[in-house]
Amino acid sequence: MLAWASMLAGYAIDVSRVALAHAMEHAISTFHLKVHHGIGLAVILSIWAEYTRPAAIESFAEIAELLGVETAHLNVEETSMKRV
22 MLAWASMLAG
32 YAIDVSRVAL
42 AHAMEHAIST
52 FHLKVHHGIG
62 LAVILSIWAE
72 YTRPAAIESF
82 AEIAELLGVE
92 TAHLNVEETS
102 MKRV
């Protein structure tokens with residue numbers, strides 16, 4: 022059962038395209054044992070989003086809209102920056 026759960030978690034990381042952020046975070050929490058995985062991800066994901074956004078403007082704009090950002094007066098690039 023644990024192997025199945027691990028496989029599903031890996032699949033979720035793969036399809037959500039956050040594998041780079043997770044790999045970077047594991048390097049942090051491996052060497053800094055007091056940094057929990059979630060805290061490390063909170064730090065890394067903002068940096069990852071800034072790096073990734075130019076290649077996925079539409080996806081970031083969609084996330085901003087789903088999070089309830091007011092987008093009526095913004096173009097797609099401005100909307101995508103609201104997510105970051």
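Position one of the sequence shown corresponds to residue 22 (this note's numbering), numbered consecutively onward. We treat Cβ as the ideally placed atom computed from N, Cα and C, and that holds for glycine.
Residue j beta carbon less than 8 Å from that of residue i
i, j, result
"Arg74", "Ser101", "yes"
"Arg104", "Ala70", "yes"
"Thr92", "Glu86", "yes"
"Ile34", "Glu46", "no"
"Ile49", "Gly61", "yes"
Of the residues the options, the one placed nearest residue i, counting alpha carbons only
i, options, result
"His57", "His43, Trp69 and Ala93", "His43"
"Glu79", "Glu46, Ala48 and Leu95", "Leu95"
"Ile68", "Leu88, Ala82, Leu41 and Leu54", "Leu41"
Complete beta strand (DSSP E) runs within the segment 36-102 (minimum length 3 residues, chain order): For the beta strand (DSSP E) assignment, the segment 36-102 encloses no uninterrupted run of at least 3 residues.
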